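*Asks:*
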Amino acid sequence: MRVTLQYFDGCPNWKETEAHIQTLMAEGVDVEMDRQLIETPEAAERYGFRGSPTVIINGSDPFADPDAPVGLSCRVYATEDGYAGSPSLEQLRAALQAAH
Numbered sequence: 000m001r002v003t004l005q006y007f008d009g010c011p012n013w014k015e016t017e018a019h020i021q022t023l024m025a026e027g028v029d030v031e032m033d034r035q036l037i038e039t040p041e042a043a044e045r046y047g048f049r050g051s052p053t054v055i056i057n058g059s060d061p062f063a064d065p066d067a068p069v070g071l072s073c074r075v076y077a078t079e080d081g082y083a084g085s086p087s088l089e090q091l092r093a094a095l096q097a098a099h
């Protein structure tokens, strides 16, 4: 399964998301992960980047909010523990299982 972690340098939350994905990989989830640095507003438009971090699984964003603005901003996720800057480990696990 192909996972692309989209991020921009101004947002620290992508590192937590990357750590969650690496945890799942260590548990045996079959994932090939790439990072994609989004550096400009133009790149954000081109990729439909709705904030950092964005997780693309096999070409689609399982956490997509079509009303979220495109641009270089930190993304907020509704998790089981409230709002956070990264999807939880369990949310990522469920999204990967659903895409499998």
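According to numbering that gives the first Met the number 0, the residues represented by the sequence shown are 0 to 99, in order.
Positions of the beta carbon are idealized from the N, C-alpha and C atoms, including for glycine.
Please read these numbers as outputs of a predicted model, since none were measured by experiment.
If we call anything under 9 angstroms between Cβ atoms a contact, is residue 55 one with residue 5?
*Replies:* The answer is yes: Cβ separation under 9 angstroms.
*Asks:* Compute the distance between the beta-carbons of residue 68 and residue 45, then report whether it is under 9 angstroms.
*Replies:* The answer is no: Cβ separation not under 9 angstroms.
*Asks:* May I ask you to report which of helix, strand or coil DSSP gives residue 37?
*Replies:* In the structure shown, residue 37 sits in coil (DSSP, three-state: anything other than H, G, I, E or B).
*Asks:* Comparing C-alpha positions only, which one of 59, 83, 2, 41 sits nearest to residue 29?
*Replies:* Measuring from the Cα of residue 29, the nearest candidate turns out to be 2.
*Asks:* Nearest to residue 27 by alpha carbon, out of 92, 80, 11?
*Replies:* Here the closest residue by C-alpha is 92.
*Asks:* Tell me the DSSP bridge mates of residue 5?
*Replies:* Looking at the DSSP assignment, residue 5 forms a beta bridge with 35, 53.
*Asks:* Along the chain, where does the alpha helix (DSSP H) that runs through residue 94 open and close?
*Replies:* Taken as a continuous stretch (DSSP letters only), the alpha helix (DSSP H) holding residue 94 covers 88-98.
*Asks:* Consult DSSP for residue 63 and reduce its assignment to one of helix, strand or coil.
*Replies:* Residue 63: coil per DSSP, three-state reduction.
*Asks:* Is the Cβ-Cβ distance between residue 18 and residue 61 less than 9 angstroms?
*Replies:* Contact: no.
*Asks:* For residue 76, which residues from the same chain have a beta carbon less than 6 angstroms from its beta carbon, with the 5 sequence-adjacent residues on both sides left out?
*Replies:* Same-chain partners within the cutoff: 83, 86.
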